[in-house]
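What follows is a set of notes on a single structure, which appears directly below.
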Amino acid sequence: MRTGVSAPTRSLGVRCSAGLLGLLALCGGAAAASAGTVTFQSQALGAEYGSTVGDVPGDLVFTEDGIDVSVQTFLSSGTPAFGFGRIQDSFGAPRFFYDQNILRFNNIGFVFDFGGAGDASFQYMNLGGGVNLGINGSAPVEASSFAALPGTIGGVTVSVTTVAVSGGVKGTVTLTGAVSSLRIGGQELFLDDVTGGGSGGPDPDPNDPPCDYTITHEGIADGTLFGDAAGQGAGDFMFSESGVPVYTDKFTLSGGSQTFGSAKVWDPGVAGFGNGLAMQYSNMNGFYSIIDLGVTVKRVRFEYLDMGGVENVEVNGDGLFVGQISNLPANIASGVTASVTTVAVGGGVRGVVTLTGDVQKLTLGGQEFFVDEFCIERGIDAPGHCGPTVDNQSEPLGSSWGGDNGNSPGDQIFMEDDIVVGIERFKLGSSILFGTASIDSPQCDQITSQAMSLKQISAVFDLTNVLPVTYARVDFCDCGEVENVWVNGTPWEGNLAQLPFDAFGPGIYTDVTVESNTGGCVGGVLEILGPLDEVIIGGEQLQLDDFCVVSEANSSVLEADTAAFVSVETYPNPFHATTTMRLQLEQEGPVELAIFDMSGRRVATLLDEVVAAGTHQVGWDGREEAGSRLANGIYFIRLVQGDSVSTRKVALAR
1 MRTGVSAPTR SLGVRCSAGL LGLLALCGGA AAASAGTVTF QSQALGAEYG STVGDVPGDL
61 VFTEDGIDVS VQTFLSSGTP AFGFGRIQDS FGAPRFFYDQ NILRFNNIGF VFDFGGAGDA
121 SFQYMNLGGG VNLGINGSAP VEASSFAALP GTIGGVTVSV TTVAVSGGVK GTVTLTGAVS
181 SLRIGGQELF LDDVTGGGSG GPDPDPNDPP CDYTITHEGI ADGTLFGDAA GQGAGDFMFS
241 ESGVPVYTDK FTLSGGSQTF GSAKVWDPGV AGFGNGLAMQ YSNMNGFYSI IDLGVTVKRV
301 RFEYLDMGGV ENVEVNGDGL FVGQISNLPA NIASGVTASV TTVAVGGGVR GVVTLTGDVQ
361 KLTLGGQEFF VDEFCIERGI DAPGHCGPTV DNQSEPLGSS WGGDNGNSPG DQIFMEDDIV
421 VGIERFKLGS SILFGTASID SPQCDQITSQ AMSLKQISAV FDLTNVLPVT YARVDFCDCG
481 EVENVWVNGT PWEGNLAQLP FDAFGPGIYT DVTVESNTGG CVGGVLEILG PLDEVIIGGE
541 QLQLDDFCVV SEANSSVLEA DTAAFVSVET YPNPFHATTT MRLQLEQEGP VELAIFDMSG
601 RRVATLLDEV VAAGTHQVGW DGREEAGSRL ANGIYFIRLV QGDSVSTRKV ALAR
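Letter by letter, the sequence shown follows residues 1 to 654 of full-length UniProt numbering.
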């Protein structure tokens with residue numbers, strides 16, 4: 001919970017006045033209200049509201065997650081009607097909604113009072129008739145469908161997604177602005193997950209991947225100063241969180257001159273920004289040394305609050321941006337793109353910056369600028385080009401397998417490119433199901449040709465014929481909620497977009513990239529790095545295509561050891577920062593220790609000299625001889641002394 005905080009000194013560049021932040025004054029601002037969601041799970045199936053149970057318009061019928069829900073009339077061509085609403089299930093499987101309970105509208109309206117102003121959203125399915133939408137107590141706007149609503153209502157932006165379903169459409173309505181209440185009505189309308197009251201920002205997307213490392217500033221004492229105000233110079237250490245050290249740095253003004261101001265950790269109390277303590281930069285930059293993590297980075301996100309002046313942003317040392325952070329260029333650095341969202345607050349702007357790519361170094365600061373809630377996501381690099389691929393083209397469109405087709409769990413259904421494809425059961429909570437797999441047209445843009453559809457069933461990819469395999473990837477289109485993934489016999493169950501990086505234990509790493517989220521279906525790519533022999537993927541309503549693997553079966557480096565007098569072992573393996581090789585030599589003599597990639601290309605020579613007999617240790621940091629970082633994948637350590645050769649595999653997984 002936020003609390004009021006004393007104003008910083010003027011040297012920190014913040015002017016404290018009602019004119020600056022209005023009612024949400026920077027000096028001791030009010031707490032941000034948290035968003036709530038009505039999922040209807042608090043209500044019993046079959047519960048009714050409205051005329052059938054004696055309710056009258058305006059009656060409060062229940063409260064869920066701090067949101068009051070009351071009944072109202074439905075308007076059709078200006079004529080009010082007052083029918084009924086009922087809690088029912090979401091039509092079984094495949095489900096139209098994530099949750100079991102949904103609210104049915106039959107010529108009735110409902111008002112959702114959030115108790116706080118912020119963005120709002122809800123899921124809907126409309127099977128006929130008109131709809132109403134009123135915002136903040138205004139008269140409801142009548143429309144033939146939500147998609148036909150105007151783009152703004154009462155200063156609030158209305159955006160609608162739709163996807164066709166049997167007999168109608170379903171989708172999501174998102175309202176951007178200060179929404180404190182909604183009045184929603186319909187004739188053959190179904191509703192779920194009504195969210196609002198979050199003080200200007202929607203709750204995190206459930207399809208956002210989890211953060212692997214975070215910087216929240218909560219471990220730093222409130223009021224801590226850095227920079228000139230603390231007697232520091234440029235380049236001095238500030239703090240470290242989640243393994244990321246942060247250092248002071250000079251700030252570049254819009255005219256090109258440099259200065260060195262101060263930074264302070266405190267809670268500005270601005271609704272919708274951060275979560276407690278934040279870092280304020282005043283004519284100073286912070287240098288975030290993400291490279292110290294020793295990992296490949298997929299994405300960095302952080303929240304910002306800009307109350308004046310210009311900002312500095314530099315990624316990987318690839319050119320300094322000086323200007324308004326809302327104007328950050330899309331191509332901020334080589335291999336890294338930037339996107340910025342903005343929301344106006346009194347006297348300034350808040351928002352989120354997303355940097356997509358391998359961000360290793362980040363310089364960030366401003367003049368009246370706050371940052372908080374850094375989220376760093378790990379990624380993986382494909383160790384080579386995909387080889388054997390299952391693209392579902394060998395089977396006719398409409399082919400199907402499963403319990404209704406007389407198949408049994410474990411059956412093999414076809415083979416493509418030496419990969420055997422089978423079917424298995426699907427686990428949904430405590431239920432074990434065996435539904436249907438079929439070859440269908442794609443439901444997401446990521447899949448451009450026919451796909452394998454999995455409805456409460458799992459697909460088995462047996463890699464025995466293409467071993468050894470070091471990497472796999474597959475395009476997916478997820479129109480359900482729960483998926484199963486098994487890698488080498490280790491299971492995981494949950495929402496695929498939330499699959500943890502290390503869900504399958506040491507040596508196996510995964511990465512999920514969400515590329516689209518339209519009409520209730522999430523499209524993206526799943527990647528798996530590590531030694532693989534079997535991958536099983538199942539879902540409630542999931543499509544897969546282009547399952548491909550990188551195989552080292554034909555690598556020119558794999559050769560029989562002739563290690564009569566030499567041996568090499570490595571630990572840790574896999575490794576993400578450094579690994580140590582232990583060499584055992586029975587005699588003194590010229591020794592060559594080199595690293596090769598899967599194609600047989602020499603990437604580094606670690607030893608090429610005369611070495612005494614005995615045990616020796618040599619470290620390697622996953623870089624080639626020129627010093628650049630190598631991609632994740634399988635490499636070969638080759639120790640040669642005379643006619644004796646010892647070769648070992650090592651996995652690099654940053």
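The beta carbon of each residue, even a glycine, is placed where N, CA and C say it ideally should be.
Nothing here was measured: the structure is a model prediction, and the numbers come from that model.
- By the neighbour-count criterion, in which a residue is buried when 16 or more other Cβ atoms sit within 10 angstroms of its Cβ, Gln-258 is exposed.
- For Ile-376, the uninterrupted beta strand (DSSP E) segment begins and ends at 369-378.
- Scanning the segment 74-133 for uninterrupted beta strand (DSSP E) segments of 3 residues or longer gives 74-76, 79-81, 84-89, 101-106 and 108-126, listed from N- to C-terminal end.
- Gly-269 is positioned such that its CB atom lies no closer than 8 Å to that of Thr-248.
- Two segments are said to touch when three or more pairs of C-beta atoms, one from each, lie closer than 8 Å; by this definition the segment 301-314 touches the segment 369-389.
- Beta-bridge analysis with DSSP links Ser-516 to Gly-523.
- Sequence-distant partners of Val-141 (beyond 5 residues in either direction) whose C-beta falls short of 8 Å from its own C-beta, in its chain, are Asn-132, Leu-133, Gly-134, Leu-149, Pro-150 and Ile-153.
- When secondary structure is reduced to three states using DSSP, Asp-236 falls in the coil class, being assigned neither helix nor strand.
- Around Ser-180, the same chain offers Phe-114, Gly-116, Ala-117 and Asn-136 as residues with beta carbons nearer than 7 Å, after the five sequence neighbours per side are excluded.
- Counting along the chain, no beta strand (DSSP E) covers Gln-393, and no H or E run does either.
- Here DSSP, grouped into helix, strand and coil, assigns Gly-185 to strand.
- Contact between Phe-239 and Lys-250 is absent: CB atoms are separated by about 18 Å, not below the 8 Å threshold.
- Burial check for Glu-311: the Cβ neighbour count within 10 Å reaches 16 or more, so the residue is buried.
- In this structure Asp-193 is buried. Its beta-carbon is surrounded by 16 or more other beta-carbon atoms within 10 angstroms.
- The beta-carbon distance between Glu-540 and Val-525, rounded to whole angstroms, is 20 Å. This is too long to meet the 8 Å contact definition.
- Within the model, the alpha-carbon separation for Gly-128 versus Ser-70 is close to 23 Å.
- Residues of the same chain with a CB within less than 6 Å of the CB of Val-460, apart from the 5 flanking positions on each side, are Gly-422, Glu-424 and Ile-536 in chain order.
- Taking C-beta atoms as the reference points, Ile-291 and Val-315 fail to come closer than 8 Å.
- Of the candidates Val-611, Met-598, Glu-624 and Ala-612, Glu-624 places its Cα closest to the Cα of Thr-605.
- Arg-629 is bridged by DSSP to Arg-623.
- A straight-line Cα-Cα distance of about 19 Å links Ala-47 and Met-125.
- Taking 8 Å as the cut-off, the Cβ atoms of Leu-364 and Val-322 do not count as close.
- Close CB contacts of Pro-80 within its chain, under the 6 Å cut and outside five residues either way in sequence, are with Thr-73 (chain order).
- Per the C-alpha coordinates, the member of Ile-215, Thr-615 and Trp-401 positioned closest to Thr-580 is Thr-615.
- Judged by DSSP secondary structure, Phe-476 falls within the beta strand (DSSP E) whose first and last residues are 469-478.
- Secondary structure at Gly-410: coil, using DSSP grouped into helix, strand and coil.
- Note on Pro-388: 16 or more other CB atoms within 10 angstroms of its CB, so buried under the neighbour-count rule.
- For His-385, same chain residues with a beta-carbon under 8 Å away, outside a window of 5 residues either side, are Val-550 in chain order.
- Counting every other CB atom within 10 Å of its CB across the protein chains shown gives Ile-325 a total of 16 or more, marking it as buried.
- Contact between Val-160 and Val-173 is confirmed by a C-beta separation of about 5 Å, below the 8 Å threshold.
- For Asp-545, DSSP records a beta bridge to Asp-475.
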